[in-house]
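Visitor: Chains as they are written, first to last, in my numbering: chain U, 51 to 213; chain L, 15 to 342; chain R, 2 to 118.
First the structure, which I've put down as structure tokens, then a few questions once you've had a look.
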Amino acid sequence: MATVTFFVVAVLAVASALGLILKRNPIHGALFLVINLACVAVLYLSLGAEFLAAAQVIVYAGAIMVLFVFAIMVLIPGKEETGPDPRRAVRLLALPVGALLFVQLAMIVRPRDARVPPPPAGGSAESLGTLLFTDYLFPFELTSVLLLAAMVGVLVLARRRPS
Amino acid sequence: MEHLALDALAAFILLNAVIGMVTYVTLLERKFAARMQSRIGPYRVGPHGLLQPIADALKLMMKEDIVPRAADRWVYNLAPIVFLIPCVLIFATIPFAPRLGLADLNIGVLFFLAVSSLEIVGLFMGGWGSNNKYALLSAMRAVNQIISYDLPFVFAALIPVVLAGSLQMSAIVAAQQGLWFVAYPVIGQLGFVAFLVATLAAENRVPFDILEAESELVAGFRVEYSGMKFAIIQLGEYAHMIASSFLGALLFLGGWLGPGSDIPAIGVLWFLLKAMLVFLVVTWVRWSFVRIRVDQILAVSWKLLLPATLGLLLVTAFWVALRGGAGA
Amino acid sequence: MSEYLAVAIFAAFIVAFGVVSIGVAWLLRPARPDAVKLENYECGAEPIGSAWVQFPVGFYLVALVFIVFDALAVFVIPWALVVRTAGLGAFWVMAAFIAIVMLGWVYAYREGVLEWK
């Protein structure tokens, strides 16, 4: 049952990711991203990480919404983005960098041990909260500074400059 | 296998219950609104208009379904169903009496919040896919609404979670055995009011109905929809509204608790009564107030409601931590 | 995790309901399209151009701030769950966390970002 779910969802996830990349219409791309994120949430669920699945849906639903807003503000949605690529050289660089990233990922994900140990505390919100306020207190507190930096940074960068 | 069949049966019953409830809540609202305006409302179809919702459903089914030539056909046609899924799916985790619900998840409240946040996807698909200016403006206003009221909604809904120490719906009700959360001095009442305001906005109802403002945007994101697709969008909206009413009754009004609620049937009745009370308060607001402006919506939420709900949550947590520490 | 199976079945039923009801309506309803009927609706006026144009969104900065607060909410949820048992220590940790993030809110407020433009 779990294996079947995994393969169905995994195929769907990869297909929607391809759709996201290959569609030239930005709104269609964003909609494929929704499917993709939903698939990832289901994968989290099948691993027993209910909190992570729900958190992912909450945060990314907001993010997708903002993506919609920007697609309408910055691009012309409904029209395809075509024409010569102004940054071809930079994008060619993406290929080796992407390959490197893939190798790294493969090295991490490679099963080191056939018997995967169960997660120390499970994926429930309670155990996560307890861990957050005991073992990971400092990184957790530091996250607030990260969020603050993100907020201030984005406001400084995205504001319309008075001209 | 038997387990699977049981689940399927439960899901089937729940779906029908939701659809039945939505159908008749529309009649309740129309009757209530009519009374507020000294009218009698639907009266002709069946005794006291009791068959009106069924007549409406049949009529919408027989209506021509028009897809504008300029629309993005795929997005336009899929939108009603994509919209319907989160709106009805949130009922999955609501227990109507002890152990009478589809799935009493560990993360019940969180599931409700997460799934209902997906509503915007279907709404945006409808608004953008129609290629209609009113519809697109409406979809953008919907985004404005959500970035304004989603956070206060989450923080207000977390107040009972802090009080109960659980995200599970049944545990939250159990924690109100002695005293409903709405009766907790100051915290309960302010939290309930914040929850109601945020729900009102989340349901896009007056005074937060800028995205379907009849006088400027006609019907908003669903202006191009007709026939059954329109009916499905309406169904989704009302389902979301009733689900939020149930959530409010469960989080603050003690769910199915009440005299005689040891018997499940009476518990269900209590729960339904409280949920309808929340729904009628929302309806009462709808028919009494005027629409507020787009910029006011943003200001009220970000300058007042967001810090207020966060502060309230912190106060609640302080109190709970103080007492919890002393008790343990 | 077996509860989620019931949720999945429910979701499937919802989709089935939507598809079947639209399908039945497709069998019952008339279909007489014509050129005027298929125009986009603009209260009777002939639409000029497509709705798919670039236009400014008055609240895009707030939308960006929203995502940060969304992330804050995700941290608050597990805390809300355990603060009862974890006691005052956890409370002060989260109070500091929220205070730091709210500094950003104060900045946004002072800069007039929370205003509709």
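Glycine is no exception: its CB is placed at the ideal position from the N, C-alpha and C atoms.
(1) Have a look at L/PHE126, L/ALA212, L/GLY272 and L/GLU226 and flag the residue whose alpha-carbon is nearest the alpha-carbon of L/LEU312.
(2) What are the start and end residues of the alpha helix (DSSP H) that includes L/MET154?
(3) Taking the runs of the alpha helix (DSSP H) that are 4 residues or longer, which of them lie wholly in the segment 185-236 of chain L?
(4) Tell me which residues share the same chain as L/PHE260 and place their Cβ nearer than 7 Å to its Cβ, disregarding the 5 neighbours each side in the sequence.
(5) How do the segment 15-28 of chain L and the segment 257-275 of chain L stand: do at least 3 beta-carbon pairs fall below 8 Å, yes or no?
(6) Taking the straight line between their C-alpha atoms, what separation do you get for R/ALA109 and R/LEU65?
(7) Taking 7 Å as the cut-off, is the beta-carbon of L/VAL237 closer than that to any non-hydrogen atom of the ligand MG?
(8) Under 9 Å Cβ-Cβ, which residues of chain A neighbour R/PRO57?
(9) Output yes if chain R places a C-beta closer than 8 Å to the C-beta of U/VAL107; else output no.
(10) Would the segment 93-109 of chain R count as touching the segment 23-32 of chain L if we require 3 or more Cβ pairs under 8 Å?
(11) Thinking just about the alpha-carbon of each residue, which of L/GLN310, L/GLY274, L/ALA335 and L/LEU336 is nearest to the one in L/TYR163?
(12) Measuring straight from C-alpha to C-alpha, what distance separates L/ALA340 and L/PRO199?
(13) If we define contact as Cβ-Cβ less than 8 Å, is R/ILE101 a contact residue for chain L?
(14) Counting only the same chain and skipping the five closest in sequence on each side, list residues whose C-beta sits under 7 Å from that of L/VAL304.
(15) Measure the Cβ-Cβ separation of L/ALA233 and L/GLU226 and say whether it is below 8 Å.
(16) Please report the distance separating the alpha-carbon of L/ARG49 from that of L/PRO61.
(17) Rounded to whole angstroms, what is the Cα-Cα separation between L/LEU92 and L/LEU98?
(18) With distances taken Cα to Cα, identify the nearest neighbour of L/VAL329 among R/GLN55, R/PHE70 and R/LEU89.
(19) Would you mind telling me which residues of chain R sit closer than 7 Å to L/ILE280, beta carbon to beta carbon, in chain order?
(20) Find the nearest neighbour of U/LEU207 within the set R/ASN41, R/TYR61, R/GLY45 and R/SER3, judged by alpha-carbon distance.
(21) When you compare the CB positions of L/GLY140 and L/TYR252, do they come within less than 8 Å of one another, or not?
(22) Should U/ALA149 and U/SER96 be called a contact, given that it needs their Cβ atoms to be closer than 8 Å?
(23) Rounded to whole angstroms, what is the Cα-Cα separation between L/VAL102 and R/GLU112?
(24) Whose C-beta lies closer than 7 Å to the C-beta of L/PHE206 among residues of the same chain, with five residues either side of it excluded?
(25) Please classify U/GLY203: is it buried, with 16 or more other beta-carbons within 10 angstroms of its beta-carbon, or exposed?
(26) In this structure, how does DSSP classify L/ALA253 when only helix, strand and coil are distinguished?
(27) Using a beta-carbon distance cut-off of less than 8 Å, what residues from the segment 187-207 of chain U approach chain R?
(28) For a cutoff of 8 Å on Cβ pairs, would you count R/VAL20 as touching chain U?
(29) Examine chain L for any beta-carbon lying closer than 8 Å to the beta-carbon of R/VAL37, and answer yes or no.
(30) Inspect the CB distances between the segment 78-90 of chain U and the segment 40-56 of chain R and report whether three or more fall short of 8 Å.
(31) Write down the C-beta distance between L/PHE46 and L/LEU294 rounded to the nearest angstrom, noting that I regard them as a contact closer than 8 Å.
(32) So does the segment 128-146 of chain L actually touch the segment 171-187 of chain L, counting three or more Cβ pairs closer than 8 Å?
(33) Report all residues from its chain with a CB closer than 6 Å to the CB of L/PHE235; omit the five preceding and five following residues, and keep chain order.
(34) Under 7 Å Cβ to Cβ from U/THR193, same chain only, skipping five residues before and after it: list those, please.
(35) Taking just the CA atoms, how far does L/PRO94 sit from L/THR40?
(36) Quick one: does R/PHE11 have its CB under 8 Å from some CB of chain U?
Guide: On the basis of the coordinates in this document:
(1) Reading the second sequence from its first residue, position 298 is the one you call residue 312 of chain L. The candidate whose alpha carbon is nearest that of L/LEU312 is L/ALA212.
(2) Here residue 154 of chain L refers to the residue found at position 140 of the second sequence. Per DSSP, L/MET154 belongs to the alpha helix (DSSP H) from 147-178.
(3) 201-216 and 228-231
(4) Against the second sequence, residue 260 of chain L aligns to sequence position 246. Result list for L/PHE260: ILE108 and ALA289, in chain order.
(5) no
(6) As a position in the third sequence, residue 109 of chain R is number 108, starting the count at 1. As a position in the third sequence, residue 65 of chain R is number 64, starting the count at 1. Going by the C-alpha atoms only, they are around 11 Å apart.
(7) Ligands displayed in this structure: none; no statement on the ligand MG is therefore possible.
(8) Note that chain A does not occur in the displayed structure, where the protein chains are U, L and R.
(9) Translated into the one-based positions of the first sequence, residue 107 of chain U becomes position 57. It does not: the Cβ of U/VAL107 has no partner Cβ on chain R nearer than 8 Å.
(10) no
(11) Here residue 163 of chain L refers to the residue found at position 149 when the second sequence is read from its first residue. Checking every option, the nearest Cα to that of L/TYR163 belongs to L/GLN310.
(12) The sequence position of residue 340 of chain L within the second sequence is 326, counting from 1. The sequence position of residue 199 of chain L within the second sequence is 185, counting from 1. Low local confidence applies: a pLDDT of 42 at L/ALA340 is under 50, so the model's placement there is unreliable, with the coordinate-based value given in what follows. Distance between the alpha carbons of L/ALA340 and L/PRO199: 20 Å.
(13) As a working mapping, residue 101 of chain R is identified with position 100 in the third sequence. So, not an interface residue.
(14) Residue 304 of chain L sits at position 290 when you count from the first residue of the second sequence. Same-chain partners within the cutoff: PRO221.
(15) On the second sequence, position 219 is the one that residue 233 of chain L refers to. On the second sequence, position 212 is the one that residue 226 of chain L refers to. Closer than 8 Å, so yes.
(16) Position 35 of the second sequence holds residue 49 of chain L. Position 47 of the second sequence holds residue 61 of chain L. Cα-Cα distance, rounded: 17 Å.
(17) Residue 92 of chain L sits at position 78 when you count from the first residue of the second sequence. Residue 98 of chain L sits at position 84 when you count from the first residue of the second sequence. Answer to the nearest angstrom: the Cα atoms are 10 Å apart.
(18) Taking the first residue of the second sequence as 1, we reach residue 329 of chain L at position 315. Comparing Cα positions, the closest option is R/LEU89.
(19) Along the second sequence, one-based indexing puts residue 280 of chain L at 266. Residues of chain R passing the Cβ test: none, with the nearest at roughly 25 Å.
(20) By one-based count along the first sequence, residue 207 of chain U stands at place 157. Minimum Cα distance to U/LEU207 is reached at R/TYR61.
(21) Position 126 of the second sequence, counting from 1, holds the residue named residue 140 of chain L. Position 238 of the second sequence, counting from 1, holds the residue named residue 252 of chain L. Cβ distance not < 8 Å, so L/GLY140 and L/TYR252 don't count as in contact.
(22) The residue you call residue 149 of chain U lines up with position 99 of the first sequence. The residue you call residue 96 of chain U lines up with position 46 of the first sequence. No, these two residues do not count as a Cβ contact at 8 Å.
(23) Here residue 102 of chain L corresponds to residue number 88 of the second sequence, with the count starting at 1. Here residue 112 of chain R corresponds to residue number 111 of the third sequence, with the count starting at 1. Using only the alpha carbons, I get a separation of about 41 Å.
(24) Indexing the second sequence from 1 puts residue 206 of chain L at position 192. Hits under 7 Å: VAL196 and PHE266.
(25) Here residue 203 of chain U refers to the residue found at position 153 when the first sequence is read from its first residue. So U/GLY203 ends up on the exposed side.
(26) Numbered from its first residue, the second sequence carries residue 253 of chain L at position 239. The answer is helix: DSSP assigns L/ALA253 an H, G or I state.
(27) LEU187, PHE190, GLU191, THR193, SER194, VAL195, LEU197, LEU198, ALA200, MET201, VAL202, VAL204 and LEU205
(28) Here residue 20 of chain R refers to the residue found at position 19 of the third sequence. No, its Cβ sits nowhere closer than 8 Å to a Cβ of chain U.
(29) For the purposes of this step, residue 37 of chain R is taken as residue 36 along the third sequence, with counting starting at 1. Output row for R/VAL37: interface = no.
(30) no
(31) Reading the second sequence from its first residue, position 32 is the one you call residue 46 of chain L. Reading the second sequence from its first residue, position 280 is the one you call residue 294 of chain L. L/PHE46 to L/LEU294, Cβ: 6 Å. Contact.
(32) no
(33) Indexing the second sequence from 1 puts residue 235 of chain L at position 221. These residues qualify, in order along the chain: LEU137, GLY140, GLY141, ALA149, SER152 and ALA153.
(34) Numbered from its first residue, the first sequence carries residue 193 of chain U at position 143. If we look at U/THR193 and ignore the five residues flanking it on each side, it has no Cβ neighbours.
(35) The residue you call residue 40 of chain L lines up with position 26 of the second sequence. The residue you call residue 94 of chain L lines up with position 80 of the second sequence. C-alpha separation (whole angstroms): 19 Å.
(36) Residue 11 of chain R sits at position 10 when you count from the first residue of the third sequence. Not an interface residue.
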